[in-house]
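Beneath this line is the structure, given in structure tokens, with notes to follow.
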DNA sequence: GTGAAAGCGCTAACAA
DNA sequence: TTGTTAGCGCTTTCAC
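Residue numbers (UniProt numbering), protein chains in the order written: chain A, 1 to 339; chain B, 1 to 339.
Dropping the structure here:
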């Protein structure tokens, strides 16, 4: 592997000059530069970013901490879409992306900030971790610039991008109310997700506006998980036959509810209306197609990367970005009809 | 950021000793080691992998070159599943993954091997690039160990994992033949994918066994693309009404064909049988559920990572891994019925 | 069992 | 415009 030293020798100059020439500094004679460039090409030179990073004290890498990068996440490819968005922005910059997957056993050995510090990443994007994750706090308090997805923490070095979850949920429930539903249950994620808290508020907002009393027994957690949602939905439906609509905090859970309904011979949407959240790919393909609150996951990733890199480049940008959601009315919701 | 120098100072030893202690060498006094460990913890030390990599001349990173990491790839999340598999294996090793996305404009500026060399990756996994990619050859010829996915090149430092495409295709077509179909068309990908070449052979194999003459006009390319497949399928079906079954080299293309059939009021599977390839998530969700040849994309990634890391660790492993496919018979195929 | 010193490939004062 | 020198944080001979 050729180094600038080799080039210097062949070109008959010092390494400094080589370095300057290669990095496009102006204070180098054009003839010298050309010579150096030629030699570099001839020797098939590649700069060693490791050495450069070491001395410059920045690595031009950004760490992507994700937790949903596993086999089970295929159905709900939230993580993938965010990753695509991140990648889209990053690949047009001169940064590279290093992946820290935290679903493995390794996460217990090393904290997020350790991973970042060891690799000397310039910044990090964090997605899919729970608010009760013991290492979240730590990475936020380290002075590594980071952008969180769906976790509203804002400091000097920390920003976040999220969507308007409260409003999104409200739209969904409002839609059900307009269809005449009064007995609307909610299957939420879990308490350690800010989005769950927000979506619950949106649900309550909508009820309030319509003067419908909030019944806490009708809100249960399905852990953002299809099977768990099935279980809680089953119990909910069986013990509260008056429920005519269910708002789910994720599409995956909505799919679980649809399964249960099918099993119980409850027709959707005639007997039960369902609204999901996310607009995953499957939402428009299941039968009947799922009414849901769409969030642009790709854009979330894109904006996160943009925010982070802008911060790293010293551009003084807002540290918060909230995207809008979009209610997609499909075929799992219908006018209430009391049989 | 604390360095071993800081630790040495506080612990009252030399940097050499610190290095040895931290790296678990045996020739260091237990008391000294303990002291050093304590100081390291106290100072919240993180090793600088950049410096280490520089001197050791290996980075403990593996590069992942993919081309399908963009918004459009959501439906056909082949890339994502492979990535998950890679990640699964890698995250249980002490390597990290660095993502080189090549769909961007950047790919034209820097070749794959340049990317790899600059970042000093120890090895690379390459997925989703075409055999006519000008930079493929280059990276293969560089002496960077790499594992290719679905490109059968084998050298001292290059291996690959793939599935048995020929057999998979044969199974699919054989299935159609057993159902009584004689006029079976194929929508292939493109000529710069080895899998397309192989699947075509499998198609021909099946015909041959059944003594059905091969008609080259009935094999058209859809570029692994839903829209393109729609177009070619339309032409194919309209000008050859005798075709009763179509084998597609990807599920995405099969979806395109299904769309066309719907538009032409051709009932599936009654009037037209369709077999796809891949078994993407949607395959089992579309209506009717798609009969297809399943390949385990997650495992492909997993095996690729395993092969690469084993190679890097000097384990002498076979450089080729061929996985089996699995014909999933669902509801787009039916006994031929000449009306 | 420990330390001094060299060096990995690069950048950046400072001097000439 | 160019070169000398030091140093980024680490590992590794080699000597003690």
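Quick reminder that beta carbons are idealized off the backbone N, C-alpha and C, glycines included.
Closer than 8 Å by beta-carbon distance: list the chain B residues that pair up with residue 21 of chain A, in chain order. Position 21 of the first chain holds residue 21 of chain A. Within 8 Å Cβ-Cβ: nothing; residue 21 of chain A doesn't reach chain B, min ~17 Å.
Under 8 Å between the Cβ atoms of residue 249 of chain B and residue 277 of chain B? By 1-based counting over the second chain, the position of residue 249 of chain B is 249. By 1-based counting over the second chain, the position of residue 277 of chain B is 277. Their beta carbons are under 8 Å apart, which means residue 249 of chain B touches residue 277 of chain B by this criterion.
What is the DSSP secondary structure of residue 188 of chain B, reduced to helix, strand or coil? Locating residue 188 of chain B in the second chain gives position 188, counting from the first residue. Residue state, collapsed to three classes: strand.
Would you kindly check if the distance between the Cβ of residue 252 of chain A and the Cβ of residue 75 of chain A is under 8 Å? Reading the first chain from its first residue, position 75 is the one you call residue 75 of chain A. Reading the first chain from its first residue, position 252 is the one you call residue 252 of chain A. The answer is yes: Cβ separation under 8 Å.
Can you find a C-beta in chain B that's less than 8 Å from the C-beta of residue 81 of chain A? The residue you call residue 81 of chain A lines up with position 81 of the first chain. Interface residue, yes.
Mind checking residue 306 of chain B: buried by the 16 CB within 10 Å criterion, or exposed? Position 306 of the second chain, counted from the start, is the residue given in the question as residue 306 of chain B. Counting Cβ neighbours within 10 Å, residue 306 of chain B comes out buried, since at least 16 surround it.
For residue 311 of chain B, does the three-state DSSP call read helix, strand or coil? Reading the second chain from its first residue, position 311 is the one you call residue 311 of chain B. Correct three-state label for residue 311 of chain B: helix.
Bridge partners of residue 247 of chain B, per DSSP? If you number the second chain from 1, residue 247 of chain B lands on position 247. DSSP, once it has assigned bridges, lists B:186 and B:275 as partnering residue 247 of chain B.
Do you know whose CA, among A:64, A:49 and A:335, lies nearest residue 57 of chain A's CA? Within the first chain, the letter at position 57 stands for residue 57 of chain A. For the residues A:64, A:49 and A:335, the minimum Cα distance to residue 57 of chain A belongs to A:49.
Among B:138, B:309 and B:46, which one has its Cα closest to the Cα of residue 94 of chain B? Here residue 94 of chain B corresponds to residue number 94 of the second chain, with the count starting at 1. It is B:309.
Taking 8 Å as the CB-CB limit, is residue 51 of chain B close to chain A? Indexing the second chain from 1 puts residue 51 of chain B at position 51. Yes, residue 51 of chain B counts as interfacial toward chain A.
Going by Cα to Cα distance, which pick from B:261, B:161 and B:8 is closest to residue 126 of chain B? In the second chain, counting from the first residue as 1, residue 126 of chain B sits at position 126. Taking only the C-alpha atoms, the option nearest residue 126 of chain B is B:161.
Suppose the cutoff is 7 Å on Cβ atoms and the five residues either side in sequence are ignored; what does the same chain contact list for residue 40 of chain B look like? For the purposes of this step, residue 40 of chain B is taken as the residue at position 40 of the second chain. These residues qualify, in order along the chain: 7 and 22.
Closer than 8 Å, CB to CB, is residue 144 of chain B near chain A or not? For the purposes of this step, residue 144 of chain B is taken as the residue at position 144 of the second chain. So no, residue 144 of chain B is outside the interface.
At a CB distance below 8 Å, what residues from the stretch 286-312 of chain B approach chain A? Give them in sequence order. 286, 287 and 298
Determine the contact status of residue 169 of chain A and residue 135 of chain A, defining contact as a CB-CB distance below 8 Å. Stepping through the first chain from its first residue, residue 169 of chain A is reached at position 169. Stepping through the first chain from its first residue, residue 135 of chain A is reached at position 135. No.
So what does DSSP say about residue 162 of chain A, is it helix, strand or coil? Mapped onto the first chain, residue 162 of chain A falls at position 162. Residue state, collapsed to three classes: strand.
For residue 340 of chain B, tell me which candidate among B:217, B:222, B:60 and B:184 has the shortest Cα-Cα distance. Residue 340 of chain B is absent from the structure shown; chain B starts at 1 and stops at 339.
Just how far apart, CA to CA, sit residue 205 of chain A and residue 176 of chain A? In the first chain, residue 205 of chain A corresponds to position 205, counting from 1. In the first chain, residue 176 of chain A corresponds to position 176, counting from 1. The straight-line gap from Cα to Cα measures roughly 13 Å.
How long is the line joining the alpha carbons of residue 173 of chain B and residue 329 of chain B, rounded to whole angstroms? For the purposes of this step, residue 173 of chain B is identified with residue 173 of the second chain, where counting begins at 1. For the purposes of this step, residue 329 of chain B is identified with residue 329 of the second chain, where counting begins at 1. For residue 173 of chain B and residue 329 of chain B, the distance between alpha carbons rounds to 12 Å.
Less than 8 Å between the CB atoms is what I'm expecting for residue 69 of chain B and residue 61 of chain B, so what's the real figure, rounded? What you label residue 69 of chain B is simply residue 69 of the second chain in a count that begins at 1. What you label residue 61 of chain B is simply residue 61 of the second chain in a count that begins at 1. About 18 Å separates the two Cβ atoms, so there is no contact after all.
Taking the continuous alpha helix (DSSP H) assigned at residue 80 of chain A, which residues delimit it? Numbered from 1 along the first chain, position 80 holds the residue referred to as residue 80 of chain A. Per DSSP, residue 80 of chain A belongs to the alpha helix (DSSP H) from 78-90.
Provide the residue span of the alpha helix (DSSP H) that contains residue 17 of chain A, from first to last. For the purposes of this step, residue 17 of chain A is taken as the residue at position 17 of the first chain. Unbroken alpha helix (DSSP H) run through residue 17 of chain A: 15-22.
CB contact check: residue 225 of chain A to chain B, cutoff 8 Å: As a working mapping, residue 225 of chain A is identified with position 225 in the first chain. Chain B, which has no Cβ nearer than 8 Å to the Cβ of residue 225 of chain A, makes this no.
Check whether the stretch 176-187 of chain B and the stretch 210-224 of chain B touch, using three or more Cβ-Cβ pairs below 8 Å as the test. yes
In the DSSP assignment, find the unbroken alpha helix (DSSP H) run with residue 208 of chain B in it and report its ends. Here the question's residue 208 of chain B lines up with position 208 in the second chain. It spans 194-209 - the alpha helix (DSSP H) in which residue 208 of chain B sits, taken as one unbroken run.
Pull up the CB-CB distance for residue 292 of chain A and residue 194 of chain A, whole angstroms please, since I reckon it's below 8 Å. Position 292 of the first chain, counted from the first residue, corresponds to residue 292 of chain A. Position 194 of the first chain, counted from the first residue, corresponds to residue 194 of chain A. With a Cβ gap of about 20 Å, residue 292 of chain A and residue 194 of chain A do not count as contacting.
Could you check if residue 256 of chain A is buried or exposed, using at least 16 other CB atoms within 10 Å of its CB as the buried criterion? Start at 1 with the first residue of the first chain, and residue 256 of chain A comes out as number 256. Looking at its Cβ environment, which holds 16 or more other Cβ atoms inside 10 Å, residue 256 of chain A is buried.
For a contact meaning CB atoms closer than 7 Å, what does residue 119 of chain A contact in chain B? Start at 1 with the first residue of the first chain, and residue 119 of chain A comes out as number 119. Those are 49 and 96, listed as they occur along chain B.
Just to confirm the assignment: which complete beta strand (DSSP E) runs, minimum length 3, are found wholly within the stretch 109-142 of chain B? 123-127
Candidates A:333, A:314 and A:302: which alpha carbon is nearest residue 322 of chain A's? The residue you call residue 322 of chain A lines up with position 322 of the first chain. Selected option, being the one with the closest Cα: A:302.
For the stretch 152-168 of chain B, enumerate the residues whose C-beta is nearer than 7 Å to any C-beta of chain A, in chain order. none
Can you say whether residue 31 of chain A is buried or exposed, counting buried as having 16 or more other CB atoms within 10 angstroms of its CB? Here residue 31 of chain A is taken as the residue at index 31 of the first chain, counted from 1. When all chains shown are included, residue 31 of chain A counts as exposed.
Would you kindly work out how many angstroms separate the C-alpha atoms of residue 239 of chain B and residue 211 of chain B, rounded to a whole number? Counting from one through the second chain, the residue named residue 239 of chain B turns up at place 239. Counting from one through the second chain, the residue named residue 211 of chain B turns up at place 211. The alpha-carbon atoms of residue 239 of chain B and residue 211 of chain B are separated by roughly 24 Å.
Tell me the DSSP secondary structure of residue 335 of chain B in three-state form. For this step, residue 335 of chain B is matched to residue 335 along the second chain. In the structure shown, residue 335 of chain B sits in coil (DSSP, three-state: anything other than H, G, I, E or B).
Is the CB of residue 343 of chain B under 8 Å away from at least one CB in chain A? This structure cannot settle anything about residue 343 of chain B, because the visible part of chain B is limited to 1 through 339.
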